[in-house]
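Chemist: What follows is a single structure, and I will ask about it in a moment.
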Amino acid sequence: MAPLSRSSSGKILSSPILAILCLFFIFTSTAVAASAVLGVDIGTEYIKAALVKPGIPLEIVLTKDSRRKETSAVAFKPSKNPISGSFPERLYGSDAVALAARFPGDVYPNLKPLLGLKTDNHIIKDYATRHPALQLETEKTRGTAAFRSGAFAADEQPWSVEEILAMELQSIQKNAEALAGSEVKDLVITIPTFYTTEEKRAVLLAADLAGLRVLELISDGLAVGLNYATTRTFPSISEGGKPEYHMVFDMGAGSTKASILKFQGRTVKDVGKFNKTIQEVQVLGSSWDRTLGGDALNAVIVDHMIAQFVESPKAQKVSATAEKVQAHGRAAAKLWKEAERLRQILSANANTQASFEGLYEDVDFKYKISRAEFETLAESHAARIGTIIDKALYLADVEITDLDSIILHGGAIRTPFVQKELEKIAGGSEKIRTNVNADEAAVFGAGFRGAGLSPSFRVKEIRSSDGASYAAGIKYIDIHKKPRHQRLYEATSKVNSEEHFIFENHEDFTIDFYQHVASAERVSPGSAEKELKAITTQNLNESVALLKEKHNCDNKDIRVKLSTRLSPVNGEMEIAKLVVHCEAEEAEKESMVDSVKGLFGFGKKDQAPLSEDSTESVDSSSATESSTTSTSTTSSVSSSKSASASAKDATKSKKTWIVIPLKYETQLKGIPQYAESEITRMKDRIAAFDDSDRSRRLREEALNQLEGFTYKSRDLLENEEFIAASTETERSDLEAKSKAASEWIEAGGADAPRDEFKAKLKELKDIVTPIEKRIEEAAGRPEHVRSLNEALEQTKSFIAGIKEQIKNETEAHSSFSASKSSASANPKTTSISSMVIDEFGNLEDEDLGGSPSSTVTAAPEEETLAPPVYTEADIVGAQELYDSVSKWLSEVQEQQEKLPATADPVLLNKDLAEKTKQLQDVGVELIMKSMKQPYKSGRKSEKPKKSSTKLKSKSKSKTKKSKKTGTATAEEAEPTLDYDFGFGGPDGKAGKGSGGEEGEPLFGEGAPGEMPSQEQIQEAIKKAEAIRASREKKAKEDVKHGEL
1 MAPLSRSSSG
11 KILSSPILAI
21 LCLFFIFTST
31 AVAASAVLGV
41 DIGTEYIKAA
51 LVKPGIPLEI
61 VLTKDSRRKE
71 TSAVAFKPSK
81 NPISGSFPER
91 LYGSDAVALA
101 ARFPGDVYPN
111 LKPLLGLKTD
121 NHIIKDYATR
131 HPALQLETEK
141 TRGTAAFRSG
151 AFAADEQPWS
161 VEEILAMELQ
171 SIQKNAEALA
181 GSEVKDLVIT
191 IPTFYTTEEK
201 RAVLLAADLA
211 GLRVLELISD
221 GLAVGLNYAT
231 TRTFPSISEG
241 GKPEYHMVFD
251 MGAGSTKASI
261 LKFQGRTVKD
271 VGKFNKTIQE
281 VQVLGSSWDR
291 TLGGDALNAV
301 IVDHMIAQFV
311 ESPKAQKVSA
321 TAEKVQAHGR
331 AAAKLWKEAE
341 RLRQILSANA
351 NTQASFEGLY
361 EDVDFKYKIS
371 RAEFETLAES
381 HAARIGTIID
391 KALYLADVEI
401 TDLDSIILHG
411 GAIRTPFVQK
421 ELEKIAGGSE
431 KIRTNVNADE
441 AAVFGAGFRG
451 AGLSPSFRVK
461 EIRSSDGASY
471 AAGIKYIDIH
481 KKPRHQRLYE
491 ATSKVNSEEH
501 FIFENHEDFT
511 IDFYQHVASA
521 ERVSPGSAEK
531 ELKAITTQNL
541 NESVALLKEK
551 HNCDNKDIRV
561 KLSTRLSPVN
571 GEMEIAKLVV
581 HCEAEEAEKE
591 SMVDSVKGLF
601 GFGKKDQAPL
611 SEDSTESVDS
621 SSATESSTTS
631 TSTTSSVSSS
641 KSASASAKDA
651 TKSKKTWIVI
661 PLKYETQLKG
671 IPQYAESEIT
681 RMKDRIAAFD
691 DSDRSRRLRE
701 EALNQLEGFT
711 YKSRDLLENE
721 EFIAASTETE
731 RSDLEAKSKA
741 ASEWIEAGGA
751 DAPRDEFKAK
761 LKELKDIVTP
771 IEKRIEEAAG
781 RPEHVRSLNE
791 ALEQTKSFIA
801 GIKEQIKNET
811 EAHSSFSASK
821 SSASANPKTT
831 SISSMVIDEF
841 GNLEDEDLGG
851 SPSSTVTAAP
861 EEETLAPPVY
871 TEADIVGAQE
881 LYDSVSKWLS
891 EVQEQQEKLP
901 ATADPVLLNK
911 DLAEKTKQLQ
921 DVGVELIMKS
931 MKQPYKSGRK
941 SEKPKKSSTK
951 LKSKSKSKTK
961 KSKKTGTATA
971 EEAEPTLDYD
981 FGFGGPDGKA
991 GKGSGGEEGE
1001 PLFGEGAPGE
1011 MPSQEQIQEA
1021 IKKAEAIRAS
1031 REKKAKEDVK
1041 HGEL
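Mapping the sequence shown onto UniProt numbering, position 589 (from 1) lands on 589, and the numbers just tick up by one.
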């Protein structure tokens, strides 16, 4: 085939049909891809998810245990002898936490605070102190935290925090897909307001490793605000209303945040000339404490328990110290788990206690604490709450009295002294809002935001605006080789806002982007200005030279313009535009409109009017011949003036901006990024772990099936039906193999591969399955035989009825032909017909315009008879099938009766069902052929009475003659089948339907032209059989009554 030419391929690409198909494919694929969106609230202690899908408006994704939240933990269950390249059993959530006391070095809880931080950070050091059994290492590439597990071989690389978080996200994704019934890839993730760019990059990396696409990272405070706004309408500032101010106070397990939000309505332009009112939610300012949360309060209880344990006499005997107990992995795991439980109990009770069996060196320990003691221990933490709120109010430029309410969120918010502190700050409990779901408000807000970003959903229009949280700016070397520093964004700047900056540099240079993270945050040592990335221009020198040479730009007019914005996805500074430009004098080119006007002599808008000389010369040219030369001379002079004028117009100039886009190279800074090859390795390892989990699950299912079948075999050996259908040899074999399989499992076979389980299960099923089939066949055989006999009887009746109908139709056609021959041989009949036609011939036809010559005499309508419905050939196949099935049933039934109950049957239920269906299909086919004939009503149609009295009398006499001679008419000879379907009874009249009334069909009629379905016909046949049996019974009763 010859290749397409450039023109032909261009035509194909420019085809409107192809364009429409491409657009349809794009929109369809986008809608399919975005048909389900997941909102995920990644907390320190728990992970929650909400699904949005067509048909599922906003629903919490339940765990496999039907819980509304999953514990943020992953565990690798160690095996006895780990093999290189193999993967251990992996558990999530509460199942993982349950293993902490047995395998404290392989359970990884509360990893969220470690994201994006290097191992020299105090938060990671505190985490290592709380979980001493974990083998925490420094990742070689990034310097962040990684964990080595004893559940793997020694050569296995450590697992980064991002990889473990990716596993948790995949677990949430699987639960969501089970709820949605389809693939879920898109999600919106909540993050703390204090997350830096490095921490946000770590979250995005974890989602990428999990194979998910993040639509947006949204702060916890804004997510709670969105959920709050979904069910409320706020005053419209366009109508003079005042906005509402609310504070979201979020105290979770790891941190505490306070966000000041402004809620208001606004009237904006809608489609066409209409307006609409939307809701707006804006974060004005946020503050936080990275280490104040439920874990910090738990640490108070843990320290108190260790202090009391060390002072106990039994602990002193084993020389227990606080450092030794804290460094003991199992003891620490027990203490931290119990401290969480005690704190939650103290939220509702005044006193509580705990007991530890063999806490340290087999020493038991009992512990008691009251709420008053706990609040005394946590006094220093309570004082930190006020600091957070004061800073948030300061950044938002709002007073505490301006707040309409304080919205509470987070699990630790239920601690009594925290609520008391908030009431003291707010001046009472009136502003404290407890009607918001403290656990799920953020995840619902994230799900709502995901639905708003997806094209598959239409939700309440709420325009949200998050805050930057940190100041950001740029650093560069100016034209004088001096370092410059410019802050572009403040901590209160809105996400998605743009800022512009002008440079005077004329040579390629580098711009560094930084984020200002105060040293008080203790995120990382060094300068507070954390460099995030750098861009280096690549064509600035050439662009400046081009502006000078081609456009005559001066050095002082040439500028580089940078436009940046805070990304709506992750809040990071991104480049919107980078150009070099100058304002230069450029010749104004003549427009196409002006050129057309000039072509037709209309001229441009600023064209000078014609001179008097030219006008006179044009007039003189029409007067005499002799003036032609002078006129042409004048015209040439005039045209030359006109040309010079247009040339002057063409060279008219104006000032315009000459803009040249700049190319640049981007280099990410800060924590080093993984290479593509390393990310691929991580994804492959996680995928291999998934495959291992799947194989293990299938192996466990095979083991459970084998164990279950051994118990089933024991029950079958005591079942009377099973014993009756099996031989002694079969039962002995089953008992021996079932016992051997049970002993093999107990002796260590539970660790065997899946194939061995399947092989042993097959051995047992090979014995049991044939016996169960005998029982099943024996139980269902009588019903199937009865159904087949009914079908045979029905088919036999069909055939007999059709034969009778063929006979009746043959006699009717013979009688009709004889009657027609007799009528043609009778001259009186012919003359009568002529007289009738002549009488109609004298009638005038108004439609023919009253012209006598246009009158046409109608020919007599010849009487006909409908063709027969069936022929002998139609019943040949049915008769052959009836004979073969009858013979087969008789032979096989005889063989089956000779077999014992322990033998495999020869008369199978599936064969009986198949034969029954064949007979039913033949009957339906014959009925369908009858239905395809045109339906004739039993009632005579009423004709208009326009004929003369003579015509009526003649037609009456003709009818009487027909009756006297016994000639059958078409209506009298109408054939019917021996079954009553409401279209005709056996006596030629309208039959009776299901209601017993004549003329009612046995099944409802469909649309015009539609045939009844096979199910309807089968139902009609059953009803017809019932009616026929009723008639036969009635006839027998009438005979008996007559005899009496």
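Glycine included, C-beta positions come from ideal geometry on N, C-alpha and C.
Just how far apart, CA to CA, sit M251 and Y476?
Modeler: Rounded to the nearest angstrom, the two C-alpha atoms are 40 Å apart.
Chemist: Measuring straight from C-alpha to C-alpha, what distance separates E162 and E168?
Modeler: 10 Å
Chemist: So, helix, strand or coil for G252, using DSSP?
Modeler: coil
Chemist: Run through DSSP, which three-state label would residue 1056 get?
Modeler: In this structure the chain extends from 1 to 1044, so residue 1056 is not present and cannot be described.
Chemist: Report buried or exposed for V318, applying the criterion of at least 16 other Cβ atoms within 10 angstroms of its Cβ.
Modeler: exposed
Chemist: Helix, strand or coil for R699 per DSSP?
Modeler: helix
Chemist: Any idea if I406 is buried or exposed, counting beta-carbon neighbours within 10 angstroms, 16 or more meaning buried?
Modeler: Its Cβ being crowded by 16 or more others within 10 Å, I406 is buried.
Chemist: Quick one: Cα of residue 1071 to Cα of G211, how far?
Modeler: Nothing can be reported for residue 1071: it is not among the residues displayed for the chain, which extend from 1 to 1044.
Chemist: Please classify T624 as buried or exposed, where buried requires at least 16 other C-beta atoms within 10 Å of its C-beta.
Modeler: At T624 the pLDDT is 39, less than 50, meaning the model places this residue with poor confidence; the figure from the coordinates comes in the next sentence. Exposed, because fewer than 16 other Cβ atoms sit within 10 Å of the Cβ of T624.
Chemist: Going by other Cβ atoms of all chains shown within 10 Å of its Cβ, with 16 needed for buried, is H246 buried or exposed?
Modeler: By the neighbour-count rule (16 or more Cβ atoms within 10 Å), H246 is buried.
Chemist: Please return the same chain residues whose Cβ sits closer than 7 Å to the Cβ of A499, not counting the five positions on each side in sequence.
Modeler: Per the sequence shown, the amino acid found at residue 499 is Glu instead of Ala. Cβ contact annotation for E499 (same chain, cutoff 7 Å, sequence separation greater than five): L488, Y489 and T564, in chain order.
Chemist: Give me, in chain order, the residues of the same chain whose beta-carbon lies closer than 6 Å to that of A441; leave out the 5 immediate sequence neighbours on both sides.
Modeler: V224, N227 and H409
Chemist: Is K337 near the ligand MG, in the sense that its beta carbon is under 7 Å from a heavy atom of that ligand?
Modeler: The model depicted lacks the ligand MG and carries no ligand whatsoever.
Chemist: Closest to E721 by CA distance: which of E89, K737, A901 and D693 is it?
Modeler: A901
Chemist: Buried or exposed: I927, going by 16 or more other Cβ atoms within 10 Å of its Cβ?
Modeler: In the assembly as shown, I927 is a buried residue. Its beta-carbon has 16 or more other beta-carbons within 10 Å.
Chemist: Using only CA atoms, which one of L734, P753 and L717 lies nearest to R697?
Modeler: P753
Chemist: How would you call G55, buried or exposed, if buried means at least 16 neighbouring beta carbons within 10 angstroms?
Modeler: Exposed: under 16 other Cβ atoms inside 10 Å.
Chemist: Since I believe L532 is in contact with T415 (beta carbons under 8 Å), could you give me their beta-carbon distance rounded to a whole number of angstroms?
Modeler: That belief does not hold up - the Cβ atoms of T415 and L532 are roughly 37 Å apart, past 8 Å.
Chemist: What's the C-alpha gap between E586 and K655?
Modeler: Cα-Cα distance, rounded: 6 Å.
Chemist: If you measure between the beta carbons of F757 and L716, is that distance less than 8 Å?
Modeler: no
Chemist: Just the Cα atoms here: how many angstroms apart are A903 and R781?
Modeler: 15 Å
Chemist: Among the residues of its own chain, which have a CB less than 6 Å from the CB of A741, if the five just before and after it don't count?
Modeler: Excluding sequence neighbours, A741 sits near T710 and K760.
Chemist: What's the C-alpha gap between A736 and R699?
Modeler: 24 Å
Chemist: On the three-state DSSP scale, how would you describe I385?
Modeler: helix
Chemist: Round the Cβ separation of G116 and E199 to the nearest angstrom and send it over; I've been treating them as touching at under 8 Å.
Modeler: 3 Å
Chemist: Consult DSSP for E743 and reduce its assignment to one of helix, strand or coil.
Modeler: helix
Chemist: Note the first and the last residue of the continuous alpha helix (DSSP H) segment covering P88.
Modeler: Taken as a continuous stretch (DSSP letters only), P88 belongs to no alpha helix (DSSP H), as it is neither H nor E.
Chemist: Is H581 helix, strand or coil by DSSP?
Modeler: strand
Chemist: Could you spell out the range, first to last residue, of the alpha helix (DSSP H) harbouring N175?
Modeler: V161 to A180
Chemist: Helix, strand or coil for H500? Go by DSSP, reduced to three states.
Modeler: strand
Chemist: Is the separation between the beta-carbon of F689 and that of F87 shorter than 8 Å?
Modeler: yes
Chemist: Less than 7 Å between C-beta atoms, sequence neighbours within five positions excluded: which residues of the same chain meet that for L792?
Modeler: Y882, V885, S886 and L919
Chemist: Return helix, strand or coil for Q515, following the three-state DSSP convention.
Modeler: strand
Chemist: According to DSSP, simplified to helix, strand and coil, what is I658?
Modeler: strand
Chemist: Can you grab the Cα-Cα spacing for the pair A180 / S380, in whole Å?
Modeler: 47 Å
Chemist: Between which residues of its own chain and L99 is the CB-CB distance below 8 Å, once the five residues before and five after are set aside?
Modeler: Residues of the same chain with a CB within less than 8 Å of the CB of L99, apart from the 5 flanking positions on each side, are A75, K77, L91, D106 and V107 in chain order.
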